[in-house]
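Visitor: All the letters of the sequence shown, read from the start, carry residue numbers -9 to 411 under our numbering.
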Amino acid sequence: MAEWNLSDVKVIIPIGGEATRLRPLTVETSKATVRLLNRPLIEYSILELAKQGIKEFIFGVRGYVNYRSLFDTFKEGIGFSARYKIKPRVHFKYQPRVDSIGNADSVRINIEYYDINEPIIVVQGDNIFKLDITKALEFHESKGAIMTIVLKKYEGDLSEFGVADLSGEHLIKRFVEKPKRREEAPSDLINTGIYILSPEIREIFRSNEVMEMYKMGRMDFGKDIIPYLINKGYLVYGYPMKEIWFDVGTPERYLEAMVTLLNTLPDSEIGGKRIDPDRRIFVQGTSPDSIKRRKIIQRKFKRGLIKMEGSILIGRHCQIGDNTYIEESNIDNFTIVGEGVRIIRSAIMDRNFIGDGAYIENSIIARHVEVKSSKERPVRIINSVIADDVIIGEGSEIINSKIYPHKVINAGSKLHETILT
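#1: Give every residue of the same chain whose Cβ lies closer than 6 Å to the Cβ of residue 115, excluding the five residues on either side of it in the sequence, and list them in chain order.
#2: What's the gap between the Cα of residue 237 and the Cα of residue 346?
#3: Could you tell me which of 374, 361 and 367 sits nearest to residue 399, measuring between CA atoms?
#4: Could you tell me which whole alpha helix (DSSP H) segments of length 4 or greater appear in the segment 158 to 187?
#5: Give me the Cβ distance between residue 90 and residue 52, rounded to the nearest whole Å; I'm assuming they're in contact under 8 Å.
#6: Please report the distance separating the alpha-carbon of residue 105 from that of residue 333.
#7: Between 384, 353 and 366, which has its C-alpha nearest residue 393's C-alpha?
#8: Using the Cα positions of residue 148 and residue 215, report the straight-line distance between them to the nearest angstrom.
#9: To which residues of the same chain is residue 280 closer than 6 Å at the C-beta, ignoring the five residues directly before and after it?
#10: Relative to the C-alpha of residue 273, which candidate in 294, 94 and 298 has its C-alpha closest?
#11: Pick helix, strand or coil for residue 155, following the three-state DSSP scheme.
#12: Per DSSP, residue 298 forms a beta bridge with which residues?
#13: Could you compute how far the alpha carbon of residue 101 sits from the alpha carbon of residue 151?
#14: Identify the continuous alpha helix (DSSP H) that holds residue 198 and give its terminal residues.
#15: Which parts of the segment 384 to 410 are runs of the beta strand (DSSP E), unbroken and 3 residues or longer, counting only runs that do not cross its ends?
#16: Nearest-angstrom Cα distance between residue 397 and residue 377?
#17: Quick check on DSSP: helix, strand or coil for residue 4?
#18: For residue 46, list the residues DSSP reports as bridge partners.
#19: Between the C-alpha atoms of residue 187 and residue 136, what's the straight-line distance to the nearest angstrom?
#20: My understanding is that residue 49 touches residue 39, with C-beta atoms under 8 Å, so please give their C-beta distance in whole angstroms.
#21: What would DSSP say about residue 279, mapped onto helix, strand or coil?
#22: If you measure between the beta carbons of residue 252 and residue 318, is that distance less than 8 Å?
#23: Quick check: the Cα distance between residue 375 and residue 387, rounded to an integer number of angstroms?
#24: Select from 93, 25 and 157 the residue whose C-alpha is nearest the C-alpha of residue 208.
#25: Going straight from the alpha carbon of residue -9 to that of residue 86, what length do you get?
#26: So residue 355 packs on residue 372, CB below 8 Å; how close in whole Å?
#27: Report yes or no: do three or more beta-carbon pairs, one from the segment 260 to 275 and one from the segment 160 to 171, lie closer than 8 Å?
#28: Which runs of the alpha helix (DSSP H) fall wholly inside the segment 242 to 289 and span at least 4 residues, in chain order?
#29: In chain order, which continuous runs of the alpha helix (DSSP H) of length 4 or greater are located wholly inside the segment 60 to 137?
#30: Out of 293, 261, 178 and 286, point me to the one whose CA is closest to residue 302's CA.
#31: Going by Cα to Cα distance, which pick from 68, 228, 75 and 210 is closest to residue 96?
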């Protein structure tokens, strides 16, 4: 890179929305701190960049839920740095209490408040990625770009993303935000929401035209700022990435990311020990008490008292009853799973109680949930999302449904295609 060290580069993470697509998980929790494989979602992105030498992260938070979730989780960065042995430590900063009106406005506010005159990396709060950031920055500087957008080939529904039309030199000629039909998309290269901005963006944000956009409430990167920069002839480049990238913006994509990471993350990043050297079945914990719990699970597995298929991560201090079957799933810390339970391609977050005989498939169970299943009256949860602190009575059946926090589901309830708010 030219005149900057990687430690000079600042990362801004705009987190201002209500994350409606990920509800009900985000009703009382910022999407950035929703747990995935037993850690806050945003931690993956921060760790990826911190390991490469970036030291300063600014959370562009708007709203009480976002601020509380992020500050209570990360504070100033001391605990995060100690946990991952990062020296010198990283620093976490927060947007002042100024309401932003879009992700670009959050970036503008923080550039001014923290007087940033270095390159800026913008990442989203619900993304997970692997990226050689030095190479991306070198590409950005070699092009003399005001903005570089990291792009990813995508075979799915393009209508949820911005799509870029590149020249042979990777200059973005056209940018279509959320094309309604596939034929309207100029390519299959989507905007990952990872941006590199040159310090000169600060003057553009101060310009009369952008200030007029601000007054009209138009300060979103995809809808407003990127098309503006391209139309004005600023150099906006696309940097196609081949590494891993997920937008964990919906429950479906959350589970897709969970399974992919379970199958691909190196052992050192999973953060647990294998209970069988030939299988990707990990149990976490390093204290004497949690090691004791892991050995009980390992012993049951070897004796065939519990069956596990595919890649699985089990957290610290978990208890799993006999005759239970787990497949391609994640069970978070301090969760109790009863006897004869079946958990398939599902995420069970921390401190849950899953009663005997429960059947859970393709579902997300958030924190501190009690599933009062019994062998006589088992609970079935399929293709559903259960938010924090829900109690589900015996014999209940929840299919294709979403249950908001603190609800009590009476015994024997049949909830199909239901959103219980």
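Glycine included, C-beta positions come from ideal geometry on N, C-alpha and C.
Guide: Reading it off the structure:
#1: 3, 5, 21, 22 and 32
#2: 34 Å
#3: 361
#4: none
#5: 5 Å
#6: 50 Å
#7: 353
#8: 20 Å
#9: 306 and 307
#10: 298
#11: strand
#12: 316
#13: 26 Å
#14: 198 to 205
#15: 387 to 389 and 404 to 406
#16: 9 Å
#17: strand
#18: 0 and 81
#19: 6 Å
#20: Residue 49 to residue 39, Cβ: 14 Å. No contact.
#21: helix
#22: yes
#23: 13 Å
#24: 93
#25: The pLDDT assigned to residue -9 is 46, lower than 50, so where the model puts this residue is not dependable, and the model offers no usable value.
#26: No, residue 355 and residue 372 are not in contact; Cβ-Cβ is about 12 Å, not under 8 Å.
#27: no
#28: 257 to 260
#29: 68 to 73, 93 to 103 and 123 to 133
#30: 261
#31: 210
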